[in-house]
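**Q** Mapping the first sequence onto the UniProt record's numbering, position 221 (from 1) lands on 221, and the numbers just tick up by one.
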Amino acid sequence: MQLSKTLISWYLVNKRELPWRNTQNPYFIWLSEIILQQTQIKQGLPYYEAFVSQYPTVFHLAKAPEEAVLKLWQGLGYYSRARNLHATAKYIAFHLNGQFPENYKELLKLKGVGDYTASAIASFCFNEVAAVLDGNVFRVLARYYGIHTPINSTEGKKTFKALVSDLIDKKNPADFNQAIMEFGALQCTPNKPDCPTCPLASSCYAHRKNEINQLPVKTKARKPAIKFFNFLVYISDVNTTILEKREQKGIWQNLYQFPLIETPKAINKHELLNYIANAQDIQEVSLFNANPIVHKLSHQHLYTKFWIIKTNKLPQPTVPFADLEKYAVPIVIKNFMDAYNFEVEI
DNA sequence: AAAGCGGGGTC
DNA sequence: GACCCAGCTTT
Numbered sequence: 001m002q003l004s005k006t007l008i009s010w011y012l013v014n015k016r017e018l019p020w021r022n023t024q025n026p027y028f029i030w031l032s033e034i035i036l037q038q039t040q041i042k043q044g045l046p047y048y049e050a051f052v053s054q055y056p057t058v059f060h061l062a063k064a065p066e067e068a069v070l071k072l073w074q075g076l077g078y079y080s081r082a083r084n085l086h087a088t089a090k091y092i093a094f095h096l097n098g099q100f101p102e103n104y105k106e107l108l109k110l111k112g113v114g115d116y117t118a119s120a121i122a123s124f125c126f127n128e129v130a131a132v133l134d135g136n137v138f139r140v141l142a143r144y145y146g147i148h149t150p151i152n153s154t155e156g157k158k159t160f161k162a163l164v165s166d167l168i169d170k171k172n173p174a175d176f177n178q179a180i181m182e183f184g185a186l187q188c189t190p191n192k193p194d195c196p197t198c199p200l201a202s203s204c205y206a207h208r209k210n211e212i213n214q215l216p217v218k219t220k221a222r223k224p225a226i227k228f229f230n231f232l233v234y235i236s237d238v239n240t241t242i243l244e245k246r247e248q249k250g251i252w253q254n255l256y257q258f259p260l261i262e263t264p265k266a267i268n269k270h271e272l273l274n275y276i277a278n279a280q281d282i283q284e285v286s287l288f289n290a291n292p293i294v295h296k297l298s299h300q301h302l303y304t305k306f307w308i309i310k311t312n313k314l315p316q317p318t319v320p321f322a323d324l325e326k327y328a329v330p331i332v333i334k335n336f337m338d339a340y341n342f343e344v345e346i
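#1: I'd like to confirm the pairing. Which residues does DSSP put opposite residue 274 in its beta bridges?
#2: For residue 276 versus residue 230, is the C-beta spacing smaller than 7 Å?
#3: Mapping the DSSP letters down to three states, classify residue 73 as helix, strand or coil.
#4: State buried or exposed for residue 160, treating a residue as buried only when at least 16 other CB atoms are found within 10 Å of its CB.
#5: With DSSP run on the structure shown, which of helix, strand or coil describes residue 286?
#6: If we ignore side chains and look at the alpha-carbon of each, how far apart do residue 333 and residue 257 end up?
#7: Can you give the beta carbon distance from residue 70 to residue 328, rounded, assuming they're within the 8 Å contact cut?
#8: To the nearest angstrom, report how far apart residue 58 and residue 120 are at their CA atoms.
#9: What's the C-alpha gap between residue 341 and residue 286?
#10: Do residue 142 and residue 7 count as a contact pair if the criterion is CB distance below 7 Å?
#11: What span of residues does the beta strand (DSSP E) with residue 228 cover, start to end?
#12: With a CB to CB cut of under 8 Å and the five nearest residues on each side skipped, what residues in its chain are close to residue 206?
#13: Kindly list the residues whose CB is nearer than 6 Å to the CB of residue 136, restricted to its own chain and excluding five residues on each side of it in sequence; keep chain order.
#14: Since residue 154 contacts residue 217 with CB under 8 Å, what's their CB separation in whole angstroms?
#15: Counting only the same chain and skipping the five closest in sequence on each side, list residues whose C-beta sits under 7 Å from that of residue 306.
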């Protein structure tokens with residue numbers, strides 16, 4: 001049997017029930033695909049439910065302030081997805097009269113929509129023969145056909161895209177795309193794939209050659225940079241603190257944080273005071289976490305200290321403790337806020 | 001072509 | 001620790 005037929009048959013028996021699988025509404029499909037970029041379904045599902053509940057149509061999302069969208073996205077990471085999501089919602093609502101583009105080529109023009117997402121929406125919503133190429137597809141095809149070209153190389157992307165475009169079921173592109181991804185997620189998993197029950201095992205290159213753990217090939221990532229973050233948690237005598245918006249490009253753009261001092265290495269209290277301009281107004285400084293919190297991102301390891309700074313003079317504007325939860329903040333700050341428990345100060 | 005961008009999970 | 005996840009954008 002053809003590979004596509006086998007995958008679709010497997011899919012119809014083994015597929016999970018997921019909310020975006022019961023609709024062809026492009027708003028819901030688009031929303032789910034943006035959320036699921038570089039994100040496992042288990043992690044993204046609660047966010048999808050929250051967005052659908054809060055913003056049932058593209059018009060609701062378009063009318064929301066960006067700050068509210070980022071707040072709902074808080075904790076999911078890759079925040080450019082949320083900013084692009086909101087910008088695209090506004091574009092579709094106010095310039096396209098709420099009508100999504102209906103083919104791959106036009107979908108590709110939307111902010112935050114690349115080859116994968118355009119193919120997914122085009123096939124799931126409009127039955128266009130556009131093959132998806134994601135981490136699951138790379139893995140399944142690399143193993144089954146024994147392709148050793150690195151999947152994160154330009155040549156690899158081209159090779160695999162051509163292959164999957166040839167394999168896709170031209171009569172049923174939507175189910176094929178769903179099938180090959182679900183197969184990769186549930187059967188041909190990165191670790192310990194379930195070869196004993198696999199319908200493709202008898203003709204699988206990696207299974208035959210015992211190369212399951214060597215495929216797919218991926219060139220090594222660079223080691224993450226080490227950084228030292230000192231967050232200044234000001235505590236005023238009227239129960240307010242300071243938050244700043246990260247306006248510059250880079251991580252956490254448009255999210256909020258306590259005033260940040262980044263240093264070339266770890267510093268102590270004495271060294272910290274040399275970095276603070278109005279140190280004469282400070283009454284007391286203490287370190288919240290004796291050991292730095294190591295916040296690990298894909299490309300950076302942040303050695304983070306939260307300094308509690310009590311003062312009776314704070315520059316404006318200040319944030320009442322009770323309002324802190326309204327701001328979208330990086331998860332490392334959210335965790336601190338929960339642990340510090342500002343309420344005891346009130 | 002390579003770098004940058006999060007956070008959670010597995011082994 | 002290394003690697004992975006329904007990738008995209010910028011340099």
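Note that beta-carbon positions come from the ideal geometry of N, C-alpha and C, so glycine has one too.
**A** So, to answer that:
#1: For the purposes of this step, residue 274 is identified with residue 274 of the first sequence, where counting begins at 1. Note: residue 274 sits in no beta bridge, so no partner.
#2: Taking the first residue of the first sequence as 1, we reach residue 276 at position 276. Taking the first residue of the first sequence as 1, we reach residue 230 at position 230. No, these two residues do not count as a Cβ contact at 7 Å.
#3: By one-based count along the first sequence, residue 73 stands at place 73. Residue 73 falls in the helix class under three-state DSSP.
#4: The residue labelled residue 160 in the question sits at position 160 within the first sequence. Its Cβ being crowded by 16 or more others within 10 Å, residue 160 is buried.
#5: In the first sequence, residue 286 corresponds to position 286, counting from 1. Strand at residue 286.
#6: Within the first sequence, numbered from 1, the residue matching residue 333 stands at position 333. Within the first sequence, numbered from 1, the residue matching residue 257 stands at position 257. Rounded to whole angstroms, residue 333 to residue 257 spans 7 Å at the Cα level.
#7: In the first sequence, counting from the first residue as 1, residue 70 sits at position 70. In the first sequence, counting from the first residue as 1, residue 328 sits at position 328. So it is a contact: roughly 4 Å between Cβ atoms.
#8: Mapped onto the first sequence, residue 58 falls at position 58. Mapped onto the first sequence, residue 120 falls at position 120. Spanning the two alpha carbons is a distance of roughly 18 Å.
#9: Within the first sequence, the letter at position 341 stands for residue 341. Within the first sequence, the letter at position 286 stands for residue 286. A straight line joining the alpha-carbon of residue 341 with that of residue 286 spans about 16 Å.
#10: Here residue 7 corresponds to residue number 7 of the first sequence, with the count starting at 1. Here residue 142 corresponds to residue number 142 of the first sequence, with the count starting at 1. No, the pair does not count as a contact, with Cβ atoms beyond the cut-off.
#11: By 1-based counting over the first sequence, the position of residue 228 is 228. Residue 228 -> beta strand (DSSP E) spans 225 to 235.
#12: As a first step, residue 206 must be located in the first sequence, where it is residue number 206. 142, 143, 144, 146, 212, 214 and 215.
#13: Reading the first sequence from its first residue, position 136 is the one you call residue 136. Cβ contact annotation for residue 136 (same chain, cutoff 6 Å, sequence separation greater than five): 181, 184 and 185, in chain order.
#14: The residue you call residue 154 lines up with position 154 of the first sequence. The residue you call residue 217 lines up with position 217 of the first sequence. At roughly 14 Å, the Cβ-Cβ gap does not stay under 8 Å, so residue 154 and residue 217 are not in contact.
#15: The residue given as residue 306 occupies position 306 in the first sequence. So the qualifying residues of the chain are 231, 233, 288, 289 and 336.
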